[in-house]
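Peer 1: For the sequence shown, the working numbering gives the first residue as -8, with consecutive numbering after it. Even glycine gets a Cβ: it sits at the ideal position worked out from N, Cα and C.
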Amino acid sequence: MHSTRFTSRILLTCLFANIFQYTHARPLSKTAQLAQKPLYLTPINTAAFVFYVVFAIATFFQLYNALRGLSRDKKREAKVPHYRISTGIKFRSLLVFATLPLITHYTLTAISIAYDLNRIASRVSFSFAYYAMRIFTGMLADVIIAGAMLVLVHHRARVSRVPAAPLWKKIMDAALILLLTLYAIVVAVIGATYATMENRLSMLNIREIFYHMFTAFYILVVIDIFISAALISYKLSKDDVEDNIIRRFLRSIAPLLLLCSKFKLVDDILLSLPVTVNSLNSIDYDALRLARAIVLGFINFFILYIALDFSEPNPKRYNFDDRQMKERYELRLKDTK
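1. Can you find the residues in the same chain that come closer than 7 Å, C-beta to C-beta, to Ala175, ignoring five residues on each side of it along the sequence?
2. Going by DSSP, what residue range makes up the alpha helix (DSSP H) through Thr333?
3. Looking only at its own chain, which residues have a Cβ that is under 8 Å from the Cβ of Phe292, when we skip the five neighbours before and after it?
4. Using CA atoms only, rank isn't needed, just tell me which of Lys253, Ser84 and Asp234 is closest to Arg152.
5. Taking buried to mean at least 16 other C-beta atoms within 10 Å of its own C-beta, is Asn36 buried or exposed?
6. Less than 8 Å between the C-beta atoms of Leu241 and Ser224, yes or no?
7. With a Cβ-Cβ cutoff of 8 Å, do Asp164 and Asp215 count as a contact?
8. I believe Leu344 touches Leu32 by the beta-carbon criterion, under 8 Å. Please report the beta-carbon distance rounded to the nearest angstrom.
9. Out of Met194, Ile236 and Phe201, which has the shortest C-alpha to C-alpha gap to Met140?
10. Using C-beta distances below 6 Å, list every residue in its chain close to Ile80, excluding the 5 sequence neighbours before and after it, in chain order.
11. Quick check: the Cα distance between Ser219 and Thr187, rounded to an integer number of angstroms?
12. Tell me which same chain residues have a C-beta within less than 6 Å of the C-beta of Phe88, skipping the five on either side of it?
13. Please list, in chain order, all residues of the same chain as Ile168 whose beta carbon is under 8 Å from its beta carbon, the five residues on each side excluded.
14. Since Ala329 and Leu262 are thought to touch, with beta carbons under 8 Å apart, how far apart are those beta carbons, to the nearest angstrom?
15. What are the boundary residues of the alpha helix (DSSP H) that includes Ser252?
16. What are the start and end residues of the alpha helix (DSSP H) that includes Thr172?
17. Using a Cβ-Cβ cutoff of less than 6 Å, which residues in the same chain neighbour Ile297 once the five nearest sequence positions on both sides are dropped?
18. Could you tell me how far apart the beta carbons of Val178 and Phe208 are, in whole angstroms, since I believe they sit closer than 8 Å?
19. Would you check if the distance between the CB atom of Phe42 and the CB atom of Ala284 is smaller than 8 Å?
20. With a Cβ-Cβ cutoff of 8 Å, do Phe40 and Ala123 count as a contact?
21. At which residues does the alpha helix (DSSP H) containing Thr206 begin and terminate?
22. Can you tell me the Cα-Cα spacing of Ile76 and Ile94, whole angstroms?
23. Excluding the 5 residues preceding and the 5 following Arg280 in the sequence, name in chain order all residues of the same chain whose CB lies nearer than 7 Å to its CB.
24. How would you label Ser252, buried or exposed, when you count the other beta carbons within 10 angstroms and need 16 or more for buried?
25. Under 8 Å between the Cβ atoms of Ile294 and Leu247?
26. Counting only the same chain and skipping the five closest in sequence on each side, list residues whose C-beta sits under 6 Å from that of Ala221.
27. Apart from the five residues just before and just after Pro92, which ones in its own chain have a Cβ nearer than 6 Å to its Cβ?
28. Please report how far the alpha carbon of Lys226 lies from the alpha carbon of Tyr276, in whole angstroms.
29. If we count the other Cβ atoms within 10 Å of its Cβ and call it buried at 16 or more, is Leu86 buried or exposed?
30. Can you tell which of Phe119, Arg83, Ala282 and Gly60 has the C-alpha that lies nearest to the C-alpha of Arg191?
31. Tell me the residue span of the alpha helix (DSSP H) that contains Tyr121.
32. How long is the line joining the alpha carbons of His96 and Lys229, rounded to whole angstroms?
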């Protein structure tokens, strides 16, 4: 009898404890609810998700290397005069700023793939500002990388004593970068606010026009960078002077930039096609998303990898027998500061 009462008390205590815990438990936040839901993506979307996560992690390590590159490595000694390997503090600083929007873009894109394309969990409706920020960070990274390459080309021209570029050329380069930035801002602002406007369709058309303009001017900037670097290399070759950084730039980074511009052009054309039954059947947008993740991800990774390899060890002290050569070296060394 006593054992039965004891057992009943235990059961009642457990029951009331569970009821109390259930009634007083705090509701889970939206983020916690999302985390508890299973993710089930198609194989092609899973691959795109994995690539974006991997590139986000890889770019984070590149950010660390870029921050280290802001200070010269005191343990290394230059085997050549410093002006021959100088890249300038502006170029190294822009590499740091380029990694930040790239990491953000990869992270936001991976999250949107995980929940927008989830086939089991209820789809999450992110705000329009979220998607606008995802697109803006990718465009901003393209602008900063292109601007960094222009800064590098101008710096190498000044250090190598190439005749200075005319004023109109410098104004044109600055104007192109400024226009790219403005186009990216306009696309982001319209994308984040068009849902609250009455004429949504016309605002979407305006947004598409500005995005097309961004793609067109990005191609112009890449061509400008390639031509500027090629002209510097040609002028130096006439004087029997070899610039190792410009040579490596033309062999490695310039082709990657050209490939990136071509892919962006094709991607823009495919996305601008009118959405019809035939276009939905002929264009695999999941495959296009995966191609975008792989192609642009690898291009940005190798561009930053090669650019970060243009490191600047501390200049080694040289003993010059020729006074004229020593004066020329000291003059160029001042230009690198």
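Peer 2: In this structure, then:
1. Sequence index remark: in the sequence shown, residue 175 carries index 184 (1-based). These residues qualify, in order along the chain: Phe127, Met130, Leu131, Val134 and Phe205.
2. Only positions -8 to 328 of the chain appear in this structure, which leaves residue 333 out of reach.
3. Residue 292 sits at position 301 when you count from the first residue of the sequence shown. Taken in chain order, the residues that qualify are Phe46, Ala49, Thr50 and Gln53.
4. Numbered from 1 along the sequence shown, position 161 holds the residue referred to as residue 152. Nearest option by C-alpha distance: Asp234.
5. Start at 1 with the first residue of the sequence shown, and residue 36 comes out as number 45. Note on Asn36: 16 or more other CB atoms within 10 angstroms of its CB, so buried under the neighbour-count rule.
6. Here residue 241 refers to the residue found at position 250 of the sequence shown. Here residue 224 refers to the residue found at position 233 of the sequence shown. Yes, they are a contact pair.
7. As a working note, residue 164 is residue 173 in the sequence shown. As a working note, residue 215 is residue 224 in the sequence shown. Contact: yes.
8. In this structure the chain extends from -8 to 328, so residue 344 is not present and cannot be described.
9. Residue mapping note: residue 140 aligns to position 149 of the sequence shown, counting from 1. Closest option to Met140, Cα to Cα, is Ile236.
10. By 1-based counting over the sequence shown, the position of residue 80 is 89. Excluding residues within five positions, none has a Cβ falling inside 6 Å.
11. Residue mapping note: residue 219 aligns to position 228 of the sequence shown, counting from 1. Residue mapping note: residue 187 aligns to position 196 of the sequence shown, counting from 1. Rounded to the nearest angstrom, the gap between the Cα atoms of Ser219 and Thr187 is 44 Å.
12. As a working note, residue 88 is residue 97 in the sequence shown. Same-chain partners within the cutoff: Ile135.
13. For the purposes of this step, residue 168 is identified with residue 177 of the sequence shown, where counting begins at 1. Only Val134, Ala137, Gly138, Leu141 and Val212 meet the Cβ criterion.
14. Summary: the structure shown does not reach residue 329, with the chain confined to residues -8 through 328, and so no result is reported for it.
15. To locate residue 252, count along the sequence shown from 1; it is residue 261. For Ser252, the enclosing alpha helix (DSSP H) begins and ends at Ala245 to Ser263.
16. Walking along the sequence shown from the start, residue 172 turns up at place 181. It spans Leu158 to Thr184 - the alpha helix (DSSP H) in which Thr172 sits, taken as one unbroken run.
17. As a working mapping, residue 297 is identified with position 306 in the sequence shown. Cβ within range, chain order: Ser243 and Ile244.
18. Locating residue 178 in the sequence shown gives position 187, where the first residue counts as 1. Locating residue 208 in the sequence shown gives position 217, where the first residue counts as 1. Not a contact, Cβ separation roughly 12 Å.
19. Translated into the one-based positions of the sequence shown, residue 42 becomes position 51. Translated into the one-based positions of the sequence shown, residue 284 becomes position 293. Cβ atoms of Phe42 and Ala284: closer than 8 Å.
20. The residue given as residue 40 occupies position 49 in the sequence shown. The residue given as residue 123 occupies position 132 in the sequence shown. No; because the gap between Cβ atoms is not below 8 Å, this pair is not in contact.
21. Here residue 206 is taken as the residue at index 215 of the sequence shown, counted from 1. Note, Thr206: alpha helix (DSSP H), Arg191 to Lys229.
22. Your numbering for residue 76 matches position 85 in the sequence shown. Your numbering for residue 94 matches position 103 in the sequence shown. Rounded to whole angstroms, Ile76 to Ile94 spans 28 Å at the Cα level.
23. Translated into positions along the sequence shown, residue 280 becomes position 289. Cβ within range, chain order: Ala39.
24. Indexing the sequence shown from 1 puts residue 252 at position 261. Buried, by the Cβ-count rule.
25. The residue labelled residue 294 in the question sits at position 303 within the sequence shown. The residue labelled residue 247 in the question sits at position 256 within the sequence shown. With respect to Leu247, Ile294 sits close: the two C-beta atoms are nearer than 8 Å.
26. What you label residue 221 is simply residue 230 of the sequence shown in a count that begins at 1. Cβ contact annotation for Ala221 (same chain, cutoff 6 Å, sequence separation greater than five): none.
27. On the sequence shown, position 101 is the one that residue 92 refers to. Contacts found: Thr128, Leu131 and Ala132.
28. Looking up residue 226 in the sequence shown gives position 235. Looking up residue 276 in the sequence shown gives position 285. Cα to Cα, the separation comes out at about 46 Å.
29. One-based indexing of the sequence shown puts residue 86 at position 95. Buried: at least 16 other Cβ atoms inside 10 Å.
30. Along the sequence shown, read from residue 1 onward, the residue named residue 191 stands at position 200. With distances taken between Cα atoms, Arg191 lies closest to Phe119.
31. Here the question's residue 121 lines up with position 130 in the sequence shown. Counting along the chain, the alpha helix (DSSP H) containing Tyr121 begins and ends at Phe119 to Val150.
32. For the purposes of this step, residue 96 is taken as residue 105 along the sequence shown, with counting starting at 1. For the purposes of this step, residue 229 is taken as residue 238 along the sequence shown, with counting starting at 1. Each residue's Cα considered, the two are about 43 Å apart.
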